[in-house]
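Undergrad: The structure's right below; bear with me while I get my questions together.
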Amino acid sequence: MAVSWPILVGTVAALCTTLAFLPQLFKIHKQGSAELSTAMLAMYLAGLCLWLVYGLLLGAVPVIAANAASIAIVCAVTWGKLSTRANVERPRRLRIAIDMDEVMADALAEHVRRYNAAFGAEFAIADLCGRRLEDCVPPSQREAVEAMLDASFFADLAVMPDCQEVIRELAARHDVFIVSAAMDVPSSFDAKFRWLQRHFPFIPPAQIVFCGDKSIFDADYLIDDCARHFARFKGRPLLFSAPHNAAESHYPRVDSWKAVREVFAQLEGRSGRPARTSAAFRGEPAAARSTPAHAR
1 MAVSWPILVG
11 TVAALCTTLA
21 FLPQLFKIHK
31 QGSAELSTAM
41 LAMYLAGLCL
51 WLVYGLLLGA
61 VPVIAANAAS
71 IAIVCAVTWG
81 KLSTRANVER
91 PRRLRIAIDM
101 DEVMADALAE
111 HVRRYNAAFG
121 AEFAIADLCG
131 RRLEDCVPPS
141 QREAVEAMLD
151 ASFFADLAVM
161 PDCQEVIREL
171 AARHDVFIVS
181 AAMDVPSSFD
191 AKFRWLQRHF
201 PFIPPAQIVF
211 CGDKSIFDAD
221 YLIDDCARHF
231 ARFKGRPLLF
241 SAPHNAAESH
251 YPRVDSWKAV
261 REVFAQLEGR
271 SGRPARTSAA
281 FRGEPAAARS
291 TPAHAR
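Printed below as a string of C-alpha cells:
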C-alpha cells in the first residue's frame, strides 16, 4: 500500500501539536494562565483551522481527526485562560464593619428629645457645636442625661436616612457585620438585637457583634461615628459625620449613607464620579495603617 506523504506529514504534525499542548492544560490548572499569550493562542488556532481545511480538501481522515483533536485542546486551553482571568478580575468581597448608634440608628435625636422632655428645655441638635449632649448641659444634669441611655432608649430609635437600602446593597456584594460597643450600656444588648431584627432582617445574627473594644474585630473597613474606635483598628476607617465629631480631621469622612454607597461604588469601579472621601478608596492607609490580616 502506497504511503501518502502529504497525509502522513499532516497527521504527524497535528499529533505533535496536540501532545505539545497537553502540558499547558496542567499548567493552567496548577499555576494559572498569566504567562500564556491570548494572541499566540488565537494565531495557533487559526493555523490549525487551515490544516483542518487542508485535510478536508484532500479527504484525508487522519489529518482531519488529528487537527480536530488539536483544535479541541487549544480551545480548552483558551477557555481556561479566559476563565482564569475572569476569576482574577472579579472583585473581592470586602469585610465591612458598621457601627449602630449615630450611624444606623438616630440615637442623638432621641437623646435630645428625652432631655427636652425631662427638663422642659428647647435644646436643638445644632446647639451641640462639636460636643456630645452630656458635655453641653449643666453639671447638675449630666448624671440624669447619662441615665437616659437605658435599655428602653435603644428599642425604638429611628433608622438613619438611606441606611437600610445601602446596607442591603452592600450585603449583597460584601460581608457586612454590625459591630456595636454595646458594653458601654450592657443592658442594651436585647433592645439592640431586636431593633436590628426588625429593621435589618437580612443581616444574619452570626454577623452581629456586641463588644467593648472594636479593635478585636478584623475587617477591611469600619464605618463609625466615634474616632476613638479607629485608634487600634487595622483596617481602613470611614468616619460617619455626627455633630460630636465635627472637628475631627484625621480620618476619611462620609456625610451620609449615599456617600457610603458612592465610596464602595468607587472601590468596585461602578461609579463615574469621585466620592467625598479620599484615602478610603484610593487604597492609601489612613494614619499609616497596614493592610488587615484578613485581606492578605
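Start counting the sequence shown at 1; every next residue gets the next number (the working numbering).
Note that the Cβ used here is the ideal one computed from N, Cα and C, for glycine as well.
This one's a predicted model, so the numbers in the text were calculated from it and none came from an experiment.
1. How big is the Cα-Cα spacing for TYR44 and ALA69?
2. Using DSSP's beta-bridge definition, name the partner residues of TYR221.
3. Could you check what DSSP says for TRP5 in three-state terms: helix, strand or coil?
4. Using only alpha-carbon positions, find the residue among VAL254, LEU133, ASP162, TRP195 that is nearest to MET148.
5. Would you give the residue range spanned by the beta strand (DSSP E) that ILE167 belongs to?
6. Would DSSP call PHE200 helix, strand or coil?
7. Where do the N-terminal and C-terminal ends of the alpha helix (DSSP H) with VAL159 fall, by residue?
8. Which value, in whole angstroms, describes the spacing of the CA atoms of PHE177 and CYS211?
9. Counting pairs of beta carbons, one from the stretch 93-111 and one from the stretch 155-165, are three or more of them closer than 8 Å?
10. Could you work out which residue in ALA124, GLN141, PHE230, VAL166 is closest to ALA118 when comparing CA atoms only?
11. Between CYS16, ALA155, ALA66, which lies nearest to HIS199 when the distance is taken from Cα to Cα?
12. Would you kindly check if the distance between the Cβ of ALA191 and the Cβ of ALA242 is under 8 Å?
13. When DSSP builds the beta bridges, which residues end up paired with ASP101?
14. Can the beta-carbon of ILE7 be found closer than 8 Å to that of ALA60?
15. Could you name the residues of the same chain whose beta carbon sits closer than 6 Å to that of GLU94, not counting the 5 residues immediately before and after it, in chain order?
16. Just grab the DSSP bridge partners of ILE208 for me.
17. Please say whether LEU48 and VAL77 have beta carbons closer to each other than 8 Å?
18. Taking the continuous alpha helix (DSSP H) assigned at VAL260, which residues delimit it?
19. Who pairs with ARG253 in a beta bridge, going by DSSP?
20. By Cβ distance below 7 Å, which residues in the same chain neighbour ILE208 in space, the five residues on each side in sequence not counted?
21. Just to confirm, is the Cβ distance from CYS163 to TRP257 under 8 Å?
22. Closest by CA to PHE170, which one among ALA72, ALA46, TRP5, GLU262?
TA: Taking the coordinates as given:
1. 14 Å
2. ILE96, ARG236
3. helix
4. LEU133
5. Careful: ILE167 lies outside any beta strand (DSSP E), inside the alpha helix (DSSP H) at 163-173.
6. coil
7. Unbroken run through VAL159: none, as it is neither H nor E.
8. 12 Å
9. yes
10. GLN141
11. ALA155
12. no
13. ALA105
14. yes
15. Residue 94 is actually Leu in this sequence, not Glu. Cβ within range, chain order: HIS174, ASP220.
16. ILE178
17. no
18. 257-267
19. LEU239
20. ILE178, PHE193, LEU196
21. yes
22. According to the sequence displayed, residue 170 carries Leu and not Phe. Looking at the Cα atoms, GLU262 is the closest of the given residues.
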